Amino acid sequence: MSVSQIKSLFSRAASLRLSYHNAIKEVSPNRSAFVIGRSEQCDLIVKSELASRLHARIVYRKGKFVLIDQSTNGTFVRTQGGKEVYIQREEYPLAGTGSISLGKSITVSNEHMIYYFCQ
Numbered sequence: 381m382s383v384s385q386i387k388s389l390f391s392r393a394a395s396l397r398l399s400y401h402n403a404i405k406e407v408s409p410n411r412s413a414f415v416i417g418r419s420e421q422c423d424l425i426v427k428s429e430l431a432s433r434l435h436a437r438i439v440y441r442k443g444k445f446v447l448i449d450q451s452t453n454g455t456f457v458r459t460q461g462g463k464e465v466y467i468q469r470e471e472y473p474l475a476g477t478g479s480i481s482l483g484k485s486i487t488v489s490n491e492h493m494i495y496y497f498c499q
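Going by the working numbering, the first residue of the sequence shown is number 381, and it counts up by one from there.
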């Protein structure tokens, strides 16, 4: 089996699902970027005044899904059982399950919470 065939097997096994309100979106490792924000052009539209038009991107790089914040207000991420992490104009690798909040702490009541499940 060639190296490219082995890489192909591993990238197909990876998956990331995002749950927001009643929508569930799947992020493919083969996609160049999955965009989250207020704009109607985004793959996941979050209608929050704290969300930027193009708030964050998720890319698949080196076997991991990586959240890249591009916003004014930053992004809060918490893995299940972990501590909240604040990123602004930074990257954060997503693993396991957890929560993402655009511009607002996860510890505060938040109707715009995004839940993720990464495999």
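Glycine included, C-beta positions come from ideal geometry on N, C-alpha and C. Keep in mind the model is a prediction, meaning the values are calculated, not measured.
Could you work out which residue in the options is closest to residue i when comparing CA atoms only?
{"i": "residue 417", "options": "449, 457 and 444", "result": "449"}
{"i": "residue 460", "options": "453, 476 and 422", "result": "476"}
{"i": "residue 415", "options": "433, 488, 486 and 472", "result": "433"}
{"i": "residue 456", "options": "486, 498 and 442", "result": "486"}
{"i": "residue 395", "options": "424, 439 and 423", "result": "439"}
{"i": "residue 462", "options": "452, 479, 453 and 409", "result": "479"}
{"i": "residue 445", "options": "410, 474 and 404", "result": "474"}
State the Cα-Cα distance for the pair residue i and residue j, rounded to the nearest angstrom.
{"i": "residue 468", "j": "residue 429", "result": "17 Å"}
{"i": "residue 464", "j": "residue 484", "result": "11 Å"}
{"i": "residue 447", "j": "residue 402", "result": "22 Å"}
Which residue or residues does DSSP assign as beta-bridge partners of residue i?
{"i": "residue 473", "result": "446"}
Check the C-beta distance from residue i over to residue j and give it rounded, since I have them as a contact under 8 Å.
{"i": "residue 472", "j": "residue 399", "result": "About 18 Å; that fails the 8 Å criterion."}
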